[in-house]
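The opening position of the first sequence corresponds to residue 5 in the working numbering, with each subsequent residue numbered one higher.
Cβ atoms here follow ideal geometry from the backbone N, Cα and C, with glycine treated the same way.
Worksheet: the structure to be examined is printed underneath.
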Amino acid sequence: MEIRIPVPRDFNYKRTALSHGWTDLPPFEIHPETLTITRVLDLDDTLPVTVVITGTKRAVHVEVPRKMGKRTSDSITRDVRHMLRLDDDLSEFYSAMRAHPEFEWIPTAGAGRLVRSPTLFEDLVKTICTTNCSWSLTKKMVQGLVNNLGRESADGRRTFPTPAAMAAMPTSFYVDEVRAGYRASYLKELAERVASGALDVEGWLTSELPTVELKKEMKRVKGVGDYAAENLLKLVGRYDVLALDSWVRATFARTRNKGRTAPDAKIARYYSRFNSWRGLALWCDMTRNWIEND
DNA sequence: GCGTCCAGGTCTACC
DNA sequence: GGTAGACCTGGACGC
């Protein structure tokens, strides 16, 4: 069966699907040419389901392999809306970008929706797995988690593991199977805290704390430093942070600083004119060339 | 084949 | 509050 989800007028499926590396990490898969996103979704009280997502200017289409009841169908719709940021109101952001000729392309292209996972727990684990390593190692670690601990859907693909599934494994599993190295104890501790209810990471999505305070709370998780916390803040819809990492610094140097390394303060100054939207303006600016002719 | 460097950083000890 | 050094892994690179 197919679920059709209407999208905002400024939505760009291609820009969203390729907004950052997340769709390249399991249990997401993205087809390099058609940009079809395949994703395994965990359903509470039934077998996980593999959905295939495509998009146009008017709607997102979700192909589901079997007939679903209304409750399940609603759950899938909710997850897809969440992942593709369909409920994000970017009108203020686009208005701010139109005031700067070099950034006008952003509202024109409909850029700025950063793909996220169905749960912030998944985003948090994946973010820890991106730190201090190559992208290929990040993929290897995430693949290890999904292959070993994910629930299987009918087509053999697997979900991202739940906190409980991860908490049940010993630290040695994260060292030997996931190849997480020094991150192993961080992942184990995080899963235990979330599974026990001691830490409510999903609550960060709707937290009313000021960004500075929320960032402090995020950094209480072992393995989460400035970059990781600020990356997560973007995924909960807060863009008054930059999330500078080595790739952003190198890209800024190449595209905005004549090839010379720029101090973080200079990068911050450059985007400060965008105030509460500076993090999103930076990310769109750095990734503009990921897509041509959109 | 081997050693070194470093990648989508963070933690701890120390000042 | 700021900083140096350690930390897992694995691919790229130079020799």
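Exercise for review: Select from TYR243, GLU106, LYS144 and GLU108 the residue whose C-alpha is nearest the C-alpha of ASP93.
Suggested key: Per the Cα distances, TYR243.
Review point. At a cut of 8 Å, does the segment 105 to 119 reach the segment 141 to 151 through at least three beta carbon pairs?
Key: Flag = no, the segment 105 to 119 and the segment 141 to 151 do not touch.
Practice item. Indicate whether ILE34 and ILE80 have their beta-carbon atoms separated by less than 8 Å. Key: no
Exercise for review: Using the Cα positions of ALA195 and ASN151, report the straight-line distance between them to the nearest angstrom.
Suggested key: 17 Å
**Study point:** Cβ shell of TYR275 (< 6 Å), same chain only, five flanking positions each side left out
**Key:** ARG282, ALA285 and LEU286
Review point. Between the segment 153 to 163 and the segment 38 to 53, do three or more beta carbon pairs fall short of 8 Å?
Key: Contact between the segment 153 to 163 and the segment 38 to 53 is present, because at least three Cβ pairs lie under 8 Å.
Check your understanding: With a CB to CB cut of under 6 Å and the five nearest residues on each side skipped, what residues in its chain are close to TYR17?
Key -> Beyond the five residues adjoining it in sequence on each side, TYR17 comes within less than 6 Å, by CB distance, of GLY59 in the same chain, given in chain order.
Exercise for review: Return the chain-ordered list of same chain residues with a C-beta closer than 7 Å to the C-beta of THR215, the five sequence neighbours on each side being excluded.
Suggested key: LEU237, ARG242, ASP244 and VAL245
Check your understanding: Between ASP289 and ASP49, what straight-line distance do the alpha-carbon atoms span, to the nearest angstrom?
Key -> Roughly 42 Å separates the two Cα atoms.
Check your understanding: Who pairs with LEU321 in a beta bridge, going by DSSP?
Key -> Nothing about residue 321 can be reported from this structure: the residues present for the chain run from 5 to 298 only.
Check your understanding: In whole angstroms, what is the alpha-carbon distance linking ARG82 and VAL64?
Key -> Rounded to the nearest angstrom, the two C-alpha atoms are 12 Å apart.
Review point. Can you give, in chain order, each stretch of the alpha helix (DSSP H) that sits fully within the segment 56 to 112 and has at least 4 residues?
Key: The segment 56 to 112 contains these whole alpha helix (DSSP H) runs: 74 to 87 and 95 to 102.
Exercise for review: Can you check DSSP and say which residues form a bridge with LEU45?
Suggested key: VAL53
**Study point:** Through-space distance from ALA247 to ARG273, alpha-carbon basis
**Key:** 14 Å
Check your understanding: Which full runs of the beta strand (DSSP E) of 3+ residues lie inside the segment 115 to 202, going along the chain?
Key -> none
Check your understanding: What's the gap between the Cα of LEU239 and the Cα of LEU153?
Key -> Computed Cα separation, rounded: 24 Å.
**Study point:** For ARG8, the three-state DSSP class (helix, strand or coil)
**Key:** In the structure shown, ARG8 sits in a strand (DSSP, three-state: E or B).
Exercise for review: For TRP294, I'd like the list of residues in its chain whose CB is within less than 7 Å of its CB, leaving aside the five on either flank, ordered along the chain.
Suggested key: LEU22
Check your understanding: Where PHE32 and PRO174 are concerned, what is the direct C-alpha to C-alpha distance, given to the nearest angstrom?
Key -> 26 Å
Practice item. Look up ALA278 in the DSSP assignment and say whether it is helix, strand or coil. Key: The residue asked about is misnamed: residue 278 is Phe in this sequence, not Ala. Of the three classes helix, strand and coil, the one that applies to PHE278 here is helix, per DSSP.
Review point. What number of angstroms, rounded off, separates the C-alpha of GLY229 from the C-alpha of LEU128?
Key: 12 Å
Check your understanding: How do the segment 115 to 124 and the segment 84 to 103 stand: do at least 3 beta-carbon pairs fall below 8 Å, yes or no?
Key -> yes
Check your understanding: If you drop the 5 nearest sequence neighbours on each side, which residues of the same chain put their C-beta closer than 8 Å to that of ARG102?
Key -> GLU108 and PRO111
Practice item. Kindly list the residues whose CB is nearer than 8 Å to the CB of ALA171, restricted to its own chain and excluding five residues on each side of it in sequence; keep chain order. Key: LYS192, ALA195, GLU196, VAL198, ALA199 and SER200
Review point. Using a Cβ-Cβ cut-off of 7 Å (strictly less than) and excluding sequence neighbours within five positions of SER77, which residues of its own chain qualify?
Key: When the five nearest sequence neighbours on each side are left out, the beta carbons in the same chain lying within less than 7 Å of the beta carbon of SER77 are those of ILE7, in order along the chain.
Exercise for review: Compute the beta-carbon to beta-carbon distance between PHE256 and ALA266, rounded to the nearest angstrom, for a pair I have assumed lies under 8 Å.
Suggested key: 6 Å
Point to revise | Separation of THR54 from ARG70, as counted between CA atoms | key: 10 Å
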